[in-house]
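Beneath this line is the structure, given in structure tokens, with notes to follow.
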């Protein structure tokens, strides 16, 4: 495959991108023409599960959630790698088993550290 | 749907697209995946650093009590163990028949080799850089012990991160694959970002960490994009594969490859703080805890230059005519820019940051030589510089006392009267960075300039000499303040501050750096020989399981 062929393949990407933009524009445009337009004050309020919104959207959230978010990442990453690995475990053999064991142990050490630092308690 | 597929695949409707033959599984079960063979003893230095860090984290999280002093001692022990683990590998790579009483005749021969399916190269180059990084860890740990206790921040985290980032640096030095190189870069960087923000109560430290993180991630993105482009141009991320590809194929249009090289240079340029990618370095050096800077200034530079040397000086050596002018520009800008911008600073940490930019320029001069002499000069410079700069920041650590806010030039006034030894040692470290004879810095600069002259870039050598003269002002300014009692206008007699108590760890760190700086300055040949023997080598893996080299050579 020559160099210019390689670049030309990106034409597909450009066409795909143009199509995506055009499609969204078309759908929104058609909707704009067809739908009735009766503005009301209530319609502009943020919808919060049927509850009237209180305060502004930029209010601060608890710093405690941040630690839980970080801990979530540990397990999330673990899951992302373990699922594909588990389906092919037989092919990987003992090597794969040991590798994943090391990976899980390292992540578990992070959890032990978090636990001993009292991060898991809701203060 | 099948009609659509057949149109797309341009086969007549009703035609059958035969599926690709499935690999037939043996009766015993599915095919086992071929796994690369691993030379564990060659990876021992890396594994010791990594496992040491994790073990320290585990021990300290299980033992609730603060173990003052244990963390630093443990870290130093791990770094020394990693250095010792380098020895047998070095002996094997250099083809020594025996090391002390141990017989070293290997079944699979001697000399540099690559392992883990060609992803990791084991050669003298990587081992040399490993020792340099471990040296930086030792000095950093010695300083951090007193610093953390002084600031009421004692804990294992700094040491764990230091060991992990050192492991990342070692990965960078041994990487034979651009992806592995990136992995090492990130391991090194992420740990150092956190280290920069290690002083929890100091707002400048937080700022330094955030600034380093944001700009560093940006540079990493450039680096990754460069890898993608090089892969697009050569069909491999493996350095051996790339080298093989370039030996066989001369592409008509190499714009993609050149663009990839530029992006890689941006990534490296950021890590080594070369002008114009230097803007982060004064702020980060100023804000980070001083022991962290003592470690980082040497180790991060060493790792980044190791990666730069392996990718550009070794792999892309046949493109040297294309990337050399860029390195020249970076070198000149860094040398002159560092010297001039540093001259107007009033904060000693910032002055030293600009000095490190200036020194990065000198190392780039050696990089621009793009031959074996150049690699030797780079390694010599890195080893010498690591200890000079660590020594200088050791003095900064001691002088700033509790609270870490005595970094102005005026805080060093009269230091020679209150602490004559400290002032003398600091003077030697500063003069070493300026390149005064009888210090390691002189030979480091000498060999860098010699490499440039050998490669025919005598004008670059001239600029380097000029920059060295300008940069000398930076260092002499600090020296003058320490030895003179009056203020900058010389009129008023300013009383010198109280005598500073130097802790034992501080003395030890200073002693290590002093011995290396002056020792190498008087007898440079052992280090020079070691740097000369530490040749980087790209050796194809005997069991190319992943086969990037084979795939690339049969490529387009």
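Protein chains in written order, with this note's numbering: chain A, 213 to 335; chain B, -11 to 544.
Note that beta-carbon positions come from the ideal geometry of N, C-alpha and C, so glycine has one too.
Query - Cβ-based burial, residue 277 of chain A [other Cβ within 10 Å; buried from 16] - result: exposed
Query raised in the report: So with Cβ pairs under 8 Å, would you call residue 222 of chain B a contact of chain A?
Result: no
Query raised in the report: What residues of chain B sit near residue 328 of chain A, judged by a beta carbon separation below 8 Å?
Result: 49, 50, 52
**Report entry** residue 310 of chain B (DSSP reduced to helix, strand or coil)
**Finding:** helix
Query raised in the report: Ordered along the chain, which non-local residues of its own chain (more than five positions away) have a Cβ less than 8 Å from that of residue 250 of chain B?
Result: 214, 314
Query - Proximity test, residue 261 of chain A beta-carbon vs the ligand FAD heavy atom, cut-off 7 Å - result: Looking for the ligand FAD in the displayed structure turns up nothing, as the structure carries no ligands at all.
Requested in this report: Tell me whether residue 145 of chain B is buried or exposed, calling it buried when 16 or more other Cβ atoms sit within 10 Å of its Cβ.
Outcome: By the 16-neighbour rule on beta-carbons within 10 angstroms, residue 145 of chain B is buried.
Report task. Check distances from the C-beta atoms of the stretch 35 to 49 of chain B to those of chain A and list, in chain order, the residues that come in under 8 Å. Result -> 42, 45, 46, 49
Report task. Please confirm if residue 23 of chain B has its CB atom under 8 Å from at least one CB of chain A. Result -> yes
Requested in this report: Using 10 angstroms around the beta-carbon of residue 235 of chain A, count the other beta-carbons present and answer buried if the total reaches 16, otherwise exposed.
Outcome: exposed
Report task. Provide the residue span of the beta strand (DSSP E) that contains residue 307 of chain A, from first to last. Result -> Segment 301 to 328 is the alpha helix (DSSP H) holding residue 307 of chain A; no beta strand (DSSP E) there.
Query raised in the report: What do you get for residue 324 of chain B, buried or exposed, if any count of 16 or more other CB atoms within 10 angstroms of its CB means buried?
Result: Buried, since its Cβ has 16 or more Cβ neighbours within 10 Å.
**Report entry** Minimum C-alpha distance to residue 38 of chain B - residue among B:152, B:115, B:360
**Finding:** B:152
Report task. Could you say which of B:526, B:395, B:428, B:503 lies nearest to residue 470 of chain B if we only look at CA atoms? Result -> B:395
Query raised in the report: Distance, Cα to Cα, residue 318 of chain B vs residue 158 of chain B?
Result: 25 Å
Query raised in the report: Hey, out of B:419, B:438, B:445, whose CA is closest to residue 364 of chain B's CA?
Result: B:438
Query raised in the report: From residue 1 of chain B to residue 223 of chain B, what does the alpha carbon distance come to, in whole angstroms?
Result: In this prediction, residue 1 of chain B scores a pLDDT of 43, lower than 50, which makes its location untrustworthy; the coordinate-derived value is nonetheless stated afterwards. Approximately 36 Å, taken between the alpha carbons.
Query raised in the report: If we call anything under 8 Å between Cβ atoms a contact, is residue 154 of chain B one with residue 121 of chain B?
Result: yes
Query - chain B within 8 Å of residue 225 of chain A, Cβ atoms only - result: No, no contact with chain B.
Query raised in the report: Which residue from B:341, B:82, B:35 puts its Cα closest to that of residue 522 of chain B?
Result: It is B:82 whose Cα lies nearest to the Cα of residue 522 of chain B.
Requested in this report: Count the other CB atoms, across all protein chains shown, that sit within 10 Å of the CB of residue 428 of chain B; report buried if there are 16 or more and exposed otherwise.
Outcome: buried
Report task. Could you work out which residue in B:440, B:123, B:107, B:203 is closest to residue 23 of chain B when comparing CA atoms only? Result -> B:107
**Report entry** Buried versus exposed, by CB contacts within 10 Å (16 or more), residue 85 of chain B
**Finding:** Only exposed fits residue 85 of chain B, as fewer than 16 other CB atoms lie within 10 angstroms of its CB.
Query raised in the report: Where does residue 143 of chain B fall in DSSP's three states?
Result: coil
Query raised in the report: Are the C-beta of residue 325 of chain A and some C-beta of chain B separated by less than 8 Å?
Result: Contact of residue 325 of chain A with chain B is assigned, a C-beta pair being separated by under 8 Å.
**Report entry** Cβ neighbour criterion (16 or more within 10 Å) applied to residue 334 of chain B
**Finding:** Residue 334 of chain B counts as exposed, since fewer than 16 other C-beta atoms from the protein chains shown sit within 10 angstroms of its C-beta.
Requested in this report: Assign residue 221 of chain A to one of two classes, buried (16 or more other C-beta atoms within 10 Å of its C-beta) or exposed (fewer than that).
Outcome: exposed
**Report entry** Under 7 Å from the C-beta of residue 321 of chain A: neighbouring residues of chain B
**Finding:** 42, 45, 46
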